[in-house]
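Enquirer: First residue of the sequence shown: 1, per this note's numbering; consecutive thereafter.
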Amino acid sequence: MQQWSQLSLTAKVLIGMVIGLSLGLVMRYATPGNTLVELYLVNGIFHVVGQIFLSALKMIVVPLVFTSIVCGACSLKDISTLGRLGGKTIALYLFTTFIAISMAMGVALLVAPGAGANLESATQFAARTAPSISEVIIGMFPSNPFEAMASGNTLQIIVFALLFGIAIAAAGKPARPVVEMFQALNEVMMKLVTLIMNLAPYGVLSLMATLFYTMDLAAIGNLIQYFLVVAGVLVLQVLVTYCSLLKMTTGLSPKIFLTKMQDAIMFAFSTASSNATIPVTMEAVTRRMGVKNEIASFTIPLGSTINMDGTAIMQGVATVFIAQAFGVDLAINDYLMVIVTATLASIGTAGVPGVGLIMLAMVLQQVGLPLEGIALIMGVDRLLDMIRTAVNITGDSVVTCIVAKSENNIDLDVFNDIHAGDTEENIDFHHIVKEDQTVSA
Ligand code: ASP
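Okay, structure coming up:
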């Protein structure tokens with residue numbers, strides 16, 4: 001036990017993940033259909049612990065995003081900084097998504113994972129139509145900020161928090177207590193993140209055990225080529241696109257970057273939700289990499305909402321795969337159309353599990369591919385969702401580092417210190433106890 005408490009959080013989460021995955025598979029194959037196992041373990045303890053952990057993560061997203069953006073916005077020097085920041089961030093997000101989808105389609109065309117396949121299915125899948133640009137822009141402005149928070153509408157929360165923060169800054173001296181209150185609240189939120197992250201090894205273990213017990217693994221056999229192409233391009237996106245972009249634009253070490261991303265990547269993998277991972281991604285880029293809150297508070301929630309490079313990769317490969325499987329020949333302008341639509345679809349994809357697959361309907365519809373193609377790849381989507389979510393949040397973090405470096409808003413000593421941020425893993429209650437004793441004395 002002593003040794004367990006000395007391990008780093010990353011190691012503990014990794015151990016939890018491996019144990020959970022193995023337990024899930026053991027329960028599945030050693031005790032198939034056993035009602036006791038299903039009742040007390042899968043739907044009992046693992047389900048309860050896993051869901052509590054997920055809810056705890058989601059619970060802090062809205063207050064964390066709101067307080068950190070307000071803090072960030074009220075410490076901005078002027079409004080033009082915000083415009084510049086927003087412009088750079090969105091341009092980089094679009095650029096990385098464009099690279100992701102182009103690479104995905106290129107590799108899929110080369111490997112041809114769907115060629116010769118006759119995987120027809122009669123299952124129908126409901127299509128979604130793309131919202132118009134004006135609808136998207138109007139939809140970003142909340143008519144009721146409390147409703148936006150209650151429904152977890154990240155874009156609306158970002159807009160309200162930015163305006164609120166700017167108003168605090170504009171109000172000047174009388175608003176000083178509000179600034180201090182938000183700064184204190186922000187500290188409290190980060191402590192809450194640390195507290196919840198300490199539960200991660202058990203939460204991740206439970207999520208993995210339930211998932212690998214229930215996941216349709218047989219489908220992978222049929223779709224192995226598709227699976228491998230998507231997974232391969234996802235890895236390429238991280239190792240080639242992100243690492244070279246980071247190195248070339250900032251000179252920062254990709255190796256240190258990836259080491260510091262480990263926790264966030266594992267959280268994204270286990271939750272398959274960029275949104276639920278926001279607290280951990282924020283912690284990684286601010287405390288571990290030294291990016292200032294002014295930048296990260298804005299770029300991370302925004303990225304978790306509009307930047308989905310991993311999802312775009314899945315959509316690119318899936319489109320080519322479905323076209324090949326159904327024997328549809330796509331022309332060059334169809335491919336261009338896929339690039340544009342998948343980039344837009346990635347903006348509209350919410351950072352929650354499985355939405356990428358629903359948005360794929362929009363892409364397929366654009367080029368007249370059968371929507372039932374989605375049913376073909378559904379069986380392997382959960383596992384791919386976990387991997388692509390990890391890529392999605394890594395993309396957000398790379399862009400955050402690039403923007404922060406270009407704005408001189410990153411502490412390079414923290415970035416280069418391999419242990420920076422590690423000490424925050426333990427919550428220290430001593431000072432509370434001491435103060436209590438002083439009061440009662
Ligand atoms: N699960 C992904 C995310 O949260 C979205 C998706 O591709 O379904 O980033």
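By construction, the Cβ of each residue, glycine as well, lies at the ideal position given by its N, Cα and C atoms. The model shown is predicted, which means the values in this text are computed figures rather than measured ones.
1) Out of curiosity, what's the CA-to-CA distance linking residue 88 and residue 24?
2) Along the alpha helix (DSSP H) that carries residue 228, what are the first and last residues, could you check?
3) When you compare each of 225, 72 and 112 to residue 168 by their alpha carbons, which one comes out closest?
4) Got a sec, what are the start and stop residues for the alpha helix (DSSP H) residue 84 sits in?
5) Less than 7 Å between the CB of residue 357 and some heavy atom of the ligand ASP, yes or no?
6) Please look up how many angstroms separate the CB atoms of residue 364 and residue 357, rounded, as I've assumed it's under 8 Å.
7) Report the three-state DSSP secondary structure of residue 367 (helix, strand or coil).
8) Would the beta-carbon of residue 272 be found less than 7 Å away from any heavy atom of the ligand ASP?
9) Just the Cα atoms here: how many angstroms apart are residue 281 and residue 103?
10) Roughly how many angstroms separate the alpha carbons of residue 349 and residue 362, rounded to a whole number?
11) How close, in whole Å, do the beta carbons of residue 270 and residue 207 come, if the pair is a contact with beta carbons under 8 Å?
12) Looking at the ligand ASP, does it come within less than 7 Å of residue 352, judged from the CB to the closest heavy atom?
13) In three-state terms, what does DSSP make of residue 15?
14) Under a Cβ-count criterion, where at least 16 other Cβ atoms within 10 Å of its own Cβ denotes burial, should residue 332 be classed as buried or exposed?
15) With DSSP run on the structure shown, which of helix, strand or coil describes residue 159?
16) Please name the residue or residues paired with residue 410 in a DSSP beta bridge.
17) Between which two residues does the alpha helix (DSSP H) carrying residue 186 extend?
18) Could you give the distance in angstroms between the alpha-carbon of residue 422 and the alpha-carbon of residue 8?
19) I believe residue 62 touches residue 157 by the beta-carbon criterion, under 8 Å. Please report the beta-carbon distance rounded to the nearest angstrom.
20) Counting C-beta neighbours from all protein chains within 10 Å, is the total for residue 177 16 or more, i.e. buried, or is it exposed?
21) Mapping DSSP to helix, strand and coil, what is residue 121?
22) Can you tell me whether residue 55 is helix, strand or coil according to DSSP?
23) Out of 212, 235, 171 and 294, which has the shortest C-alpha to C-alpha gap to residue 18?
24) In three-state DSSP terms, what is residue 377?
25) Less than 7 Å between C-beta atoms, sequence neighbours within five positions excluded: which residues of the same chain meet that for residue 31?
26) How long is the line joining the alpha carbons of residue 135 and residue 141, rounded to whole angstroms?
27) How many Å lie between residue 341 and residue 94 at the Cα?
28) So which of 389, 397 and 14 has the shortest CA-CA distance to residue 198?
Expert: Looking at the coordinates:
1) 43 Å
2) 224-236
3) Residue 72 is the option with its Cα nearest to residue 168.
4) 79-111
5) yes
6) The Cβ separation is near 11 Å, so there is no contact.
7) coil
8) yes
9) Approximately 25 Å, taken between the alpha carbons.
10) 11 Å
11) 5 Å
12) The beta carbon of residue 352 sits closer than 7 Å to at least one heavy atom of the ligand ASP.
13) helix
14) exposed
15) helix
16) 291
17) 176-197
18) 8 Å
19) 6 Å
20) By the neighbour-count rule (16 or more Cβ atoms within 10 Å), residue 177 is not buried but exposed.
21) Residue placement at residue 121 is flagged as unreliable, the pLDDT there being 45, under the threshold of 50; a coordinate-derived value is accordingly withheld.
22) When DSSP states are grouped into helix, strand and coil, residue 55 belongs to the helix group.
23) 212
24) helix
25) 37
26) 10 Å
27) 12 Å
28) 14
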